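Structure, as structure tokens:
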């Protein structure tokens, strides 16, 4: 079910991403202040936006699981969250590189995107720990969903509060202000954003398809062979 | 009260990958006593907890006091009394304080608390922290807690386990057959358990090995469950 | 619902009074943290931002202590079962526990704030006391709303003592931000400045949003 159209999607993703980064390197002008380093913006910000959406989506899936008690929603939440977590690491790394390249420091406390992501990353790092610490798989799914809802609501609030906290006289143009960008930069940025979103969706579908296939095989084995041994030991990932 | 107190059909419950109960089907009329026999780990306590509404069934259907569980679990809360291995009492509070607390949760007043304290013979020690009481006394207070709100259905997990004969006699009118309530009692005593019951359910490995009126079950069959 | 909340709260306060397990430890911990800060920061007195920060960090850590113990009696003494069997709204447990934590924190702060004023604070507290109490309550509400929920999540997992602070601290960072931003002007060097309304609003909004979420999900935590 998830596997349908996966190949077309993957192709589309590859095309969009290649187009976006080709544009970044060969077409868009260098930033007046920061030079070449600023180009990391086209990687950093799309990652951040997609990750934020992914975390919120995880929260929505978690809420659906709590409402319907259907394990598949928990799986969707799990995949969305751990893909977003990977992107979050990417945000922190690219942000750090940019900070060092443009401003000479490996970290900037007055860059709200970076700071919020640090907090969000630390929060979601507990997701797997929480899952692993509950053995009963229904309860694990339920508690994970509660976490997903709580954390998903937290992400936008946290971003808003952190942003309020740092007083900006000269906002560094890494991520927060996309207004005032010349046309070519905006176009490239949008294409990069689209590519990143497609990448997320493709990876998500891929992983869902893979996990569903594993679950189906297990169900078949259980039915045909009565093979209870096919069940995994204690795991943090949802088992359908 | 024509409606049976308990109706189970194909009831199942698992914990992770382990199946604790499977295919339990029975009907208990109002006012009757069902004895549940079986070795440790057979699923007796699990069955009680499902009937109490603390665990939701994973298979089959359950109707308790005319309401399907878990959909209408809220309708039967407060009409069931559970006396389990855990006394459900706060060790640092006194019996009186514990009972008053439970009373408030169930909308029961102070006079009733004093009544049950008297009935289980604990008025003298009602103001000593539960931690200072002997196991038998704790059991008595737990029994008081179970009947405080005058439940229609009593679920008793080896209720007389820690009690001396005098105490057992004391509790008989409250939680025994004489109380007139519908009761589900687990027991490790095949002969005694069968004698005091109308229906018998013998569990082995979560499955019902015996399910019949108590009078038709021979004590030997019940003992065979432990083999 | 209110009777149930009242009954549980009363029971918790009675238990705390009888066992004195949480509040003294929390209070001592808060005051000790203040002393440690004196040495860690190597300053005789504090004011403004720094004072607000030190104060709230001490409260936060004291709250962590309290969180770990919040549901322990229920978990260890079969209290959850007894509660689940009663004909009451299950969310009342959450409300009661949040209020209990609030009560404990308030007592701790009643001790720690004067201690802070004596030991570390440069400007005087008297003129700003009412505003300070208001900010304390708003911040405490945030800590308790999130804390009670996180404590309930953690209590039934294996790594309970690990999970609670790991979850609570990131979630409470916005509360710390808001509380410190709101407290700092009150403790300013040159005399108290007016309260920043937008931070009070932020704190209030945070409290409301998470209270609503907690209310919605708590039921699902208690089930087996």
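Residue numbers (the numbering used here), protein chains in the order written: chain X, 6 to 245; chain S, 646 to 872; chain A, 22 to 245.
No residue lacks a Cβ here, since even glycine has one placed at the ideal position from N, Cα and C.
Since this is a predicted model, take the numbers as computed values, not measurements.
Classification of residue i by the beta-carbon crowding that lies within 10 angstroms, buried from 16 upward
i                      : result
residue 689 of chain S : buried
residue 655 of chain S : exposed
residue 239 of chain X : exposed
residue 685 of chain S : exposed
residue 117 of chain X : buried
residue 229 of chain A : exposed
residue 851 of chain S : buried
residue 139 of chain A : exposed
residue 43 of chain X  : buried
residue 817 of chain S : exposed
residue 89 of chain X  : buried
residue 174 of chain X : Because residue 174 of chain X sits at a pLDDT of 42, beneath the cut-off of 50, its placement in the model cannot be relied upon, and the following sentence gives the value as read from the coordinates. Its Cβ having fewer than 16 others within 10 Å, residue 174 of chain X is exposed.
residue 32 of chain A  : buried
residue 772 of chain S : exposed
residue 9 of chain X   : exposed
residue 193 of chain X : buried
residue 220 of chain A : buried
residue 134 of chain A : buried
residue 716 of chain S : exposed
residue 57 of chain A  : exposed
residue 785 of chain S : buried
residue 28 of chain A  : buried
residue 182 of chain A : exposed
Presumed contact (8 Å Cβ cut-off) between residue i and residue j, rounded CB distance
i                      : j                      : result
residue 842 of chain S : residue 820 of chain S : Their Cβ separation, rounded to whole angstroms, is 14 Å, which puts residue 842 of chain S and residue 820 of chain S out of contact at 8 Å.
residue 930 of chain S : residue 240 of chain A : An answer regarding residue 930 of chain S cannot be provided, because it is not within the stretch 646 to 872 covered by chain S.
residue 188 of chain A : residue 203 of chain A : In fact, because the Cβ distance is near 24 Å, the residues do not count as touching under 8 Å.
residue 48 of chain X  : residue 99 of chain X  : 5 Å
residue 184 of chain A : residue 131 of chain X : 7 Å
Sequence-distant residues of its chain with Cβ nearer than 7 Å to residue i (five each side left out)
i                      : result
residue 822 of chain S : 678, 841
residue 683 of chain S : 689, 847, 848, 849, 870
residue 833 of chain S : 803
residue 160 of chain X : 57, 60, 61, 125
residue 649 of chain S : 672, 673, 674, 675
residue 195 of chain A : 227
Sequence-distant residues of the same chain with beta carbon closer than 8 Å to residue i, five excluded per side
i                      : result
residue 862 of chain S : 839, 845, 847, 855
residue 163 of chain X : 121, 124, 125
residue 229 of chain X : none
When the options are compared against residue i, the one with the closest alpha-carbon
i                      : options                    : result
residue 860 of chain S : S/805, S/680, S/815        : S/680
residue 187 of chain X : X/14, X/33, X/23, X/24     : X/33
residue 729 of chain S : S/694, S/664, S/744, S/767 : S/694
residue 171 of chain A : A/83, A/115, A/133         : A/115
residue 145 of chain X : X/209, X/83, X/93, X/21    : X/83
residue 80 of chain A  : A/146, A/51, A/205, A/151  : A/51
residue 201 of chain A : A/216, A/191, A/192        : A/216
residue 42 of chain A  : A/112, A/88, A/180         : A/88
residue 138 of chain X : A/175, A/208, A/192        : A/175
residue 779 of chain S : S/740, S/872, S/670, S/667 : S/740
residue 675 of chain S : S/825, S/768, S/865        : S/825
residue 21 of chain X  : X/86, X/195, X/143         : X/195
residue 149 of chain X : A/154, A/99, A/238         : A/238
Host beta strand (DSSP E) of residue i (start-end)
i                      : result
residue 832 of chain S : 827–832
residue 681 of chain S : 678–682
residue 857 of chain S : 852–858
residue 712 of chain S : 712–714
residue 845 of chain S : 844–849
residue 726 of chain S : 725–728
residue 799 of chain S : 798–802
Element boundaries [alpha helix (DSSP H), containing residue i]
i                      : result
residue 745 of chain S : 740–751
residue 708 of chain S : Unbroken run through residue 708 of chain S is the beta strand (DSSP E), 704–709; no alpha helix (DSSP H).
residue 147 of chain X : 142–170
residue 652 of chain S : Counting along the chain, residue 652 of chain S falls outside any alpha helix (DSSP H), though it belongs to the beta strand (DSSP E) covering 651–660.
residue 168 of chain A : 150–176
residue 671 of chain S : Not the alpha helix (DSSP H): residue 671 of chain S falls in the beta strand (DSSP E), residues 663–673.
residue 137 of chain X : 117–137
residue 77 of chain A  : 69–90
residue 735 of chain S : Where residue 735 of chain S is concerned, there is no enclosing alpha helix (DSSP H), given that its DSSP letter is neither H nor E.
residue 194 of chain X : 188–230
residue 20 of chain X  : 11–31
Close beta carbons around residue i, own chain, < 6 Å, minus the five adjacent residues each side
i                      : result
residue 110 of chain X : 104
residue 159 of chain A : 224
residue 192 of chain A : 167
residue 78 of chain X  : 66, 69, 70
The ligand GDP heavy atom lying under 6 Å from the CB of residue i
i                     : result
residue 54 of chain X : The model depicted lacks the ligand GDP and carries no ligand whatsoever.
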